[in-house]
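Chemist: First residue of the sequence shown: 7, per the working numbering; consecutive thereafter.
A virtual CB, placed ideally from N, CA and C, is assigned to each residue, including glycine.
Below is the structure I would like to discuss, written out as structure tokens.
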Amino acid sequence: MAHTIVIFGASGDLTSRKLIPALYQLDQKNRLPADTQVIGVSRSEFTDDAWRASLAESTQKFAARDFNEAAWSKFAQRVFYQPGDIGTPEDFTALDDRLRQLEGESAATRIYYLST
């Protein structure tokens, strides 16, 4: 079964300093299921690649001992970004569309984390 972690407030400090480095380290220890994906949601405008690049920089800084470029690249393929404002109903529709696109027909379990 696939898993999706949705982080609201994803462009903030907690996500870049703690959440993503911790998920990356879990992945390195094979403690994060391989079919787990992460989608960040925040008002900031990022593309998937721009957010991944920003997270790579912060993860390298805050998980320096465990950082490996090849391992990060593999992990980052499962990390996505969806711009959205928690106060805008249309943004939830866009998020739902994106989740359906990423998860496909699988019955994914979802964890919602509000880092606001």
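#1: Cutting at 7 Å between CB atoms, please list the residues of its own chain near LEU32, excluding the five before and the five after it.
#2: For THR21, which of helix, strand or coil comes out of DSSP?
#3: ALA76 to GLN34, Cα distance in whole Å?
#4: Tell whether a beta-carbon distance below 8 Å holds between ALA16 and SER121.
#5: Taking only runs that begin and end inside the region 11-74, name each unbroken alpha helix (DSSP H) of 4 or more residues, in chain order.
Modeler: Looking at the atomic coordinates:
#1: LEU38, listed in sequence order.
#2: helix
#3: Across the structure, ALA76 and GLN34 are spaced so that their CA atoms are roughly 11 Å apart.
#4: yes
#5: 26-34, 54-68
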